[in-house]
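Colleague:
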Amino acid sequence: MDRYKSFGDQTVMIDAVSGIEYTGKFLYDSIVRLAQILQKLGIKHNDVVGLSSENSVNFAIAMFAGFAVGATVAPLNVTYSEREVDHAINLSHPKIIFASKITVDRIAKVAKQNKFVKAVIALSGSSTNHPKVYSFTDLMNSDKYKTKPDFTTPAANKTEDVALIVCSSGTTGLPKGVQLTQFNLLATIDSQIQPTMIPFNEITLLTVIPWFHAFGCLTLITTATMGTRLVYLPKFEETLFLSAIEKYRVMMAFMVPPLMVFLAKHPIVDKYDLSSLMVLLCGAAPLSRETEDQIKERIGVPFIRQGYGLSESTLSVLVQTDDYCKPGSVGVLKVGIYAKVVDPDTGKILGPNERGELCFKGDGIMKGYIGDSKSTQSAIRDGWLHTGDIGYFDDSLEFFIVDRIKELIKYKGFQVPPAEIEALLLTNDKIKDAAVIGKPDEEAGELPMAFVVKQPNTQLTAEDVINFVNERASPAKRLRGGVVFVDEIPKNPSGKILRRILRDMLKKQKSKL
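According to UniProt numbering, the stretch in the sequence shown is residues 1 to 513, in order.
As structure tokens, this is what we get:
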């Protein structure tokens, strides 16, 4: 918050849709006022504030105001269905939820069913048909709330006080609430700030990564501390994305592989001047060397850097550098991070070029999953975060991801748990059994695909199944990979789905085409 104050009349944020530019002073003044309003609404140290919005200046103001009063901020995926919102807020128990125009009706409806939510604040627009819903604009402009021009944040226990609760998908079904402490965030920000040839306040950075996602949220927080000019989009739109790079002479952009494929292959890219781009930072899923080479050749961006991290590690624990960027690698350990590779069956520590489960220790590792000590103890053992991903390091200590123990489907940077979709499918009376895997896709990474066993003597089409899921799940969880009807789902003696066999079936199908 104080960093925004120090930037004064310098532009620190630009809405690439409207073209409105926001100064450090505007953000500081807005955060200070909202923080005092939150206190007057009863928000205290360690209370939880929910936030369901696409990228916007009001998202940033609400989040930093929450931090300022010592509250925990719990971002919510804007694509969540009512069922998913209900699950998420019953993990974090927010007293107040900020909601954008596209989510406010959904949030208000779920909030009405949960008494711990005292108010919903609509971030855009002033009129609403729901009780308990207040207008952000009206609150900020109201004479009812007298506020001072400065604000003192309450004392905090940085190692214990939770700053963020971000939703992380798990193989067991619905999302878990990852608790990231103030210390986690501060340590991660410190590790991100490395000396650069160009002063931070002269760098223009573009992000379209959702700020409700851990990757996007930490991007917002980190750039706020550096004075970087942050150009944002609420969602990816081809022409807006490209024109923003051209108009604002963007030097750096945070990316996910589907956006990289777009830059590499879409014909519209040639119509724009992207020569200002110096660095593309890619995370959330693996990026192929072919795509990287195509981008470098096409638009001449000199540096493409990959990294690896999880919500549970606050941000990246591995990142490529100028000296460590072998094809296919995700880089080397960041300062302050420790790693080991262990045999997933025996726990034996492995050496260079031996494949095993990646485990990490460091100041960014989460406090734990809220209200779920069992999952926390499974994930963090003796201080080491067990990622569930299989990889190795070479003789130069560069790391490579080769497979994963966890079954998460990576769709456009989102992590989709198959078990959640399977549980949903099994609520359909016409479905006897079901299994879901990720179908490889060049643009999206993976597409959720279902193998379905029908109940005897029932009429059920693939379209019926797809529509059933569409009506009940957020977009990332829809069966874009299709539906295959089978006689039975392959399982081991303990009943665990053998997804490897399903993937083999998919490969055989492709080879016949």
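Note that beta-carbon positions come from the ideal geometry of N, C-alpha and C, so glycine has one too. Fair warning: this is a prediction, and the values are worked out from it, not measured in the lab.
Measuring straight from C-alpha to C-alpha, what distance separates F67 and V73?
Modeller: Numbered from its first residue, the sequence shown carries residue 67 at position 67. Numbered from its first residue, the sequence shown carries residue 73 at position 73. In a straight line, the C-alpha of F67 is about 7 Å away from that of V73.
Colleague: Inspect the CB distances between the stretch 227–247 and the stretch 384–398 and report whether three or more fall short of 8 Å.
Modeller: No, because fewer than three Cβ pairs between the stretch 227–247 and the stretch 384–398 fall closer than 8 Å, the two stretches do not touch.
Colleague: Please list the terminal residues of the continuous alpha helix (DSSP H) segment that includes R229.
Modeller: Along the sequence shown, read from residue 1 onward, the residue named residue 229 stands at position 229. Per DSSP, R229 belongs to no alpha helix (DSSP H); it is in the beta strand (DSSP E), R229 to Y232.
Colleague: Hey, how far is the Cα of K44 from the Cα of Y80?
Modeller: In the sequence shown, the residue the question calls residue 44 occupies position 44. In the sequence shown, the residue the question calls residue 80 occupies position 80. Rounded to whole angstroms, K44 to Y80 spans 27 Å at the Cα level.
Colleague: Can you give me the C-alpha to C-alpha distance between G50 and N457, rounded to a whole angstrom?
Modeller: As a first step, residue 50 must be located in the sequence shown, where it is residue number 50. As a first step, residue 457 must be located in the sequence shown, where it is residue number 457. Roughly 46 Å between the two C-alpha positions.
Colleague: Which partner residues of Y392 appear in the DSSP bridge assignment?
Modeller: As a first step, residue 392 must be located in the sequence shown, where it is residue number 392. The partner list for Y392 (beta bridge, DSSP) reads F400.
Colleague: In whole angstroms, what separates the C-alpha of M63 from that of K271?
Modeller: Against the sequence shown, residue 63 aligns to sequence position 63. Against the sequence shown, residue 271 aligns to sequence position 271. Rounded to whole angstroms, M63 to K271 spans 37 Å at the Cα level.
Colleague: What is the residue span of the beta strand (DSSP E) that G438 lies within?
Modeller: Taking the first residue of the sequence shown as position 1, residue 438 is located at position 438. Segment I431 to D441, the beta strand (DSSP E) holding G438.
Colleague: Terminal residues of the continuous beta strand (DSSP E) containing R305?
Modeller: Walking along the sequence shown from the start, residue 305 turns up at place 305. R305 -> beta strand (DSSP E) spans F303 to G309.
Colleague: Which residue's Cα is closest to the Cα of F7: D29, G19 and L277?
Modeller: The count along the sequence shown starts at 1 and reaches residue 7 at position 7. The candidate whose alpha carbon is nearest that of F7 is D29.
Colleague: Rank K326, L350 and V317 by C-alpha distance to the C-alpha of Y338 and give the top, closest one.
Modeller: Within the sequence shown, residue 338 is the residue found at index 338, counting from 1. Ranking K326, L350 and V317 by Cα distance to Y338 puts V317 first.
Colleague: Using CA coordinates, which residue listed in E442, K412, I437 and Q182 is at the minimum distance from G482?
Modeller: Mapped onto the sequence shown, residue 482 falls at position 482. Checked all of E442, K412, I437 and Q182; the closest Cα to G482 is I437.
Colleague: Would the stretch 416–423 count as touching the stretch 253–266 if we require 3 or more Cβ pairs under 8 Å?
Modeller: Not touching, per the Cβ criterion.
Colleague: Under 6 Å Cβ to Cβ from K412, same chain only, skipping five residues before and after it: list those, please.
Modeller: Looking up residue 412 in the sequence shown gives position 412. Excluding sequence neighbours, K412 sits near P258 and A444.
Colleague: Could you check the C-alpha separation between T181 and E463 for me, to the nearest Å?
Modeller: Residue numbering aside, residue 181 sits at position 181 when the sequence shown is read from its first letter. Residue numbering aside, residue 463 sits at position 463 when the sequence shown is read from its first letter. Computed Cα separation, rounded: 44 Å.
Colleague: Please classify R500 as buried or exposed, where buried requires at least 16 other C-beta atoms within 10 Å of its C-beta.
Modeller: Within the sequence shown, numbered from 1, the residue matching residue 500 stands at position 500. When all chains shown are included, R500 counts as exposed.
Colleague: With Y397 and V332 assumed to form a contact (beta carbons below 8 Å), what rounded beta-carbon distance in angstroms separates them?
Modeller: Sequence index remark: in the sequence shown, residue 397 carries index 397 (1-based). Sequence index remark: in the sequence shown, residue 332 carries index 332 (1-based). The amino acid at residue 397 is misidentified as Tyr; the sequence shows Leu. The pair is a contact, with the Cβ atoms about 6 Å apart (cut-off 8 Å).
Colleague: If we ignore side chains and look at the alpha-carbon of each, how far apart do V162 and N46 end up?
Modeller: One-based indexing of the sequence shown puts residue 162 at position 162. One-based indexing of the sequence shown puts residue 46 at position 46. About 7 Å.
Colleague: Whole angstroms are fine: how far does the CA of E202 sit from the CA of L230?
Modeller: What you label residue 230 is simply residue 230 of the sequence shown in a count that begins at 1. What you label residue 202 is simply residue 202 of the sequence shown in a count that begins at 1. Approximately 11 Å, taken between the alpha carbons.
Colleague: Could you give the C-beta distance for T207 and Y248, rounded to a whole number, given that I count them as a contact under 8 Å?
Modeller: Against the sequence shown, residue 207 aligns to sequence position 207. Against the sequence shown, residue 248 aligns to sequence position 248. About 12 Å separates the two Cβ atoms, so there is no contact after all.
Colleague: Do you know whose CA, among F360, K361 and I380, lies nearest Y369's CA?
Modeller: Against the sequence shown, residue 369 aligns to sequence position 369. Ranking F360, K361 and I380 by Cα distance to Y369 puts I380 first.
Colleague: Would you grab the beta carbon distance between K477 and V469 for me? Rounded to a whole angstrom, and I think it's under 8 Å.
Modeller: Working through the sequence shown from its first residue, we reach residue 477 at position 477. Working through the sequence shown from its first residue, we reach residue 469 at position 469. Confirmed, about 7 Å.
Colleague: In three-state DSSP terms, what is S456?
Modeller: As a working mapping, residue 456 is identified with position 456 in the sequence shown. It should be noted that the sequence gives Pro, not Ser, for residue 456. Looking at P456 - three-state DSSP - the assignment turns out to be coil, as it is neither helix nor strand.
Colleague: Under 7 Å Cβ to Cβ from P94, same chain only, skipping five residues before and after it: list those, please.
Modeller: As a first step, residue 94 must be located in the sequence shown, where it is residue number 94. So the list reads V48, V49, G50, A74 and V117, once near-sequence residues are dropped.
Colleague: Can you find the residues in the same chain that come closer than 8 Å, C-beta to C-beta, to G371, ignoring five residues on each side of it along the sequence?
Modeller: Sequence index remark: in the sequence shown, residue 371 carries index 371 (1-based). Same-chain partners within the cutoff: L91 and G177.
Colleague: Helix, strand or coil for A264 per DSSP?
Modeller: Reading the sequence shown from its first residue, position 264 is the one you call residue 264. A264 falls in the helix class under three-state DSSP.
Colleague: Give the range of the beta strand (DSSP E) segment to which P75 is assigned.
Modeller: Here residue 75 corresponds to residue number 75 of the sequence shown, with the count starting at 1. P75 -> beta strand (DSSP E) spans T72 to P75.
Colleague: Tell me which residues share the same chain as Q320 and place their Cβ nearer than 6 Å to its Cβ, disregarding the 5 neighbours each side in the sequence.
Modeller: On the sequence shown, residue 320 is found 320 positions in, with the first residue counted as 1. For Q320, where only same-chain residues beyond five positions count, the Cβ hits under 6 Å are R305, Q306 and G331.
Colleague: Buried or exposed, going by whether 16 or more other CB atoms sit within 10 Å of the CB of S18?
Modeller: As a position in the sequence shown, residue 18 is number 18, starting the count at 1. Exposed, by the Cβ-count rule.
Colleague: So, using beta-carbon positions, are L220 and A60 closer together than 8 Å?
Modeller: Residue 220 sits at position 220 when you count from the first residue of the sequence shown. Residue 60 sits at position 60 when you count from the first residue of the sequence shown. Cβ distance < 8 Å, so L220 and A60 count as in contact.
Colleague: What would DSSP say about Y338, mapped onto helix, strand or coil?
Modeller: As a working mapping, residue 338 is identified with position 338 in the sequence shown. Note: Y338 maps to strand in three-state DSSP.
Colleague: Does the Cβ of I349 have 16 or more other Cβ atoms within 10 Å, making it buried, or fewer, making it exposed?
Modeller: In the sequence shown, the residue the question calls residue 349 occupies position 349. Exposed.
Colleague: Can you give the Cα-Cα distance for L408 and T376, rounded to whole angstroms?
Modeller: Within the sequence shown, the letter at position 408 stands for residue 408. Within the sequence shown, the letter at position 376 stands for residue 376. Distance between the alpha carbons of L408 and T376 is about 18 Å.
Colleague: Would you list the one or two residues that DSSP bridges to I497?
Modeller: Residue 497 sits at position 497 when you count from the first residue of the sequence shown. Answer is K491, bridged to I497.
Colleague: Could you check where the beta strand (DSSP E) with S316 kicks off and where it finishes?
Modeller: Along the sequence shown, one-based indexing puts residue 316 at 316. Residues S316 to V319.
Colleague: What do you reckon, are the CB atoms on P490 and L502 nearer than 8 Å?
Modeller: If you number the sequence shown from 1, residue 490 lands on position 490. If you number the sequence shown from 1, residue 502 lands on position 502. Against a cut-off of 8 Å, the Cβ pair of L502 and P490 comes out as a contact.
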